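Notes to accompany the following structure.
Numbering (mature numbering (1 follows the signal peptide of the UniProt record, and there is no 0)), first residue to last: -24 to -1, 1 to 311.
Rendered as structure tokens:
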């Protein structure tokens, strides 16, 4: 009898382990996952769902995120391409964190660093290619304490649609040269240099809100890269009437490129438009940076004649080179 009981226990244990193994494999291979803080989904945190995605898969995995404020410092690693994070409502699905440059690290760093830097202050870091964000908010709530990145993108062919990207200084870091990102119908706000970096980026029908008198863009386009930041059919706004002296941009590096096409430019944009950001390391940025506009409209459009002499007003034939297909080098983000 004892032998029979032991044998039965062995069989039941084996069946349980087999069931759990099959269940785990099934979840690991699923192309659709759900995150919900109340436990009604596959996972309670977004990072758990990302970690569950099979490495180096060529199949897209859609992670649906139910409403809630997810206080997580997220990362999609380079080994996990083709991930879509999709919220239910851009104002109710919120990814939030509060790191900033100079904040003490929570854990010791092998390199000996003791504080976060700009590039590590992110709330959300995307290193996987072909990733998509839809219908959600990414925010950095550190406040006005210096550089504090909300979204840091280091990968190629990233799509961001119907999202809010919120912060103060350095809200959106598009750091990697020779990479492409596409933003559509997004709301992005910040204080200083809050859209910055070396990537090629196409912004379509986005609203860009300045929270203080400062600079919107700070491109660091490398020499030889065909495109930097291109804004098409966008709208530039100010938080309130106290914000009335804002520059379209300044060059973080000498060959910065920023173009505004058919953009509604609010009265907060100063007539000069652009700042050269001259410093001892790069004393001649105004000779190498490329800043241009076409079809600017709105309250500040009447001041275009007062733009700095080294900026450009494009002609109709010039803007053909700024169509989406050319800027993104043949990649179609809407496929």
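Think of the CB as a built atom: it goes at the ideal place given N, C-alpha and C, for glycine as much as any other residue. Computed from a prediction, not measured in an experiment: that's the story for all the values here.
What is the DSSP secondary structure of residue i, reduced to helix, strand or coil?
{"i": "residue 29", "result": "coil"}
{"i": "residue 94", "result": "coil"}
{"i": "residue 115", "result": "strand"}
{"i": "residue 103", "result": "coil"}
{"i": "residue 279", "result": "helix"}
{"i": "residue 148", "result": "strand"}
{"i": "residue 191", "result": "strand"}
{"i": "residue 62", "result": "strand"}
{"i": "residue 221", "result": "coil"}
{"i": "residue 81", "result": "coil"}
{"i": "residue 50", "result": "strand"}
{"i": "residue 23", "result": "helix"}
{"i": "residue 68", "result": "coil"}
{"i": "residue 262", "result": "helix"}
{"i": "residue 138", "result": "coil"}
{"i": "residue 267", "result": "strand"}
{"i": "residue 295", "result": "helix"}
{"i": "residue -4", "result": "Since pLDDT at residue -4 reaches only 43, below the 50 mark, its modelled position is unreliable, and the value read off the structure follows with that caveat. It is helical."}
{"i": "residue 304", "result": "coil"}
If residue i and residue j are in contact, beta carbons under 8 Å, what's the gap, nearest whole angstrom?
{"i": "residue 274", "j": "residue 220", "result": "Actually they are not in contact, since the Cβ atoms of residue 274 and residue 220 sit about 14 Å apart, beyond 8 Å."}
{"i": "residue 114", "j": "residue 127", "result": "5 Å"}
{"i": "residue 233", "j": "residue 264", "result": "So it is not a contact: roughly 10 Å between Cβ atoms."}
{"i": "residue 76", "j": "residue 92", "result": "7 Å"}
{"i": "residue 212", "j": "residue 184", "result": "5 Å"}
{"i": "residue 123", "j": "residue 145", "result": "5 Å"}
{"i": "residue 31", "j": "residue 56", "result": "6 Å"}
{"i": "residue 150", "j": "residue 164", "result": "The pair is not a contact, with the Cβ atoms about 11 Å apart (cut-off 8 Å)."}
For residue i, which beta-bridge partners are listed by DSSP?
{"i": "residue 10", "result": "40"}
{"i": "residue 156", "result": "176"}
{"i": "residue 165", "result": "185"}
{"i": "residue 128", "result": "101 and 149"}
{"i": "residue 232", "result": "Paired residue(s): none; residue 232 is not in a bridge."}
{"i": "residue 288", "result": "268"}
Nearest by alpha-carbon distance to residue i: which of the options is it?
{"i": "residue 178", "options": "291, 92, 299 and 272", "result": "299"}
{"i": "residue 346", "options": "271, 281 and 310", "result": "What the structure shows of the chain is the stretch from -24 to 311, and residue 346 is not part of that stretch, so it cannot be assessed."}
{"i": "residue 191", "options": "248, 153, 230 and 63", "result": "248"}
{"i": "residue 138", "options": "154, 68 and 105", "result": "68"}
{"i": "residue 40", "options": "21, 30, 51 and 47", "result": "21"}
{"i": "residue 8", "options": "45, 59, 14 and 46", "result": "59"}
{"i": "residue 63", "options": "78, 79, 34 and 46", "result": "46"}
{"i": "residue 217", "options": "225, 203, 186 and 193", "result": "186"}
{"i": "residue 132", "options": "14, 159, 200 and 103", "result": "103"}
{"i": "residue 199", "options": "206, 78, 214 and 230", "result": "230"}
{"i": "residue 224", "options": "210, 251, 206 and 204", "result": "251"}
{"i": "residue 227", "options": "215, 202 and 193", "result": "193"}
{"i": "residue 121", "options": "167, 70 and 162", "result": "167"}
{"i": "residue 80", "options": "262, 106, 97 and 65", "result": "97"}
{"i": "residue 308", "options": "44, 108 and 53", "result": "108"}
{"i": "residue 119", "options": "111, 142, 110 and 112", "result": "142"}
{"i": "residue 105", "options": "148, 87, 160 and 155", "result": "155"}
{"i": "residue 71", "options": "140, 171 and 281", "result": "140"}
Which residues in the same chain have their Cβ closer than 7 Å to the Cβ of residue i, if we skip the five residues on either side of it in sequence?
{"i": "residue 310", "result": "none"}
{"i": "residue 17", "result": "10, 11 and 42"}
Within its chain, find whatever has a CB closer than 8 Å to the CB of residue i; leave out the 5 residues flanking it on each side and keep chain order.
{"i": "residue 1", "result": "Unreliable positioning characterises residue 1 in this predicted model, as indicated by a pLDDT of 43, which lies under 50. The coordinate reading is nonetheless provided below. Around residue 1: no qualifying Cβ."}
{"i": "residue 15", "result": "none"}
Apart from the five residues on each side of it in sequence, which residues of its chain come closer than 6 Å, Cβ to Cβ, to residue i?
{"i": "residue 208", "result": "180 and 237"}
{"i": "residue 73", "result": "49 and 99"}
{"i": "residue 276", "result": "241, 243 and 245"}
{"i": "residue 51", "result": "101"}
Under 9 Å between C-beta atoms, does residue i make it to chain B?
{"i": "residue 68", "result": "In the displayed structure, chain B is absent; only one protein chain is listed."}
CB of residue i to nearest heavy atom of the ligand SAM: below 8 Å?
{"i": "residue 237", "result": "With respect to the ligand SAM, the structure offers nothing, as it holds no ligand at all."}
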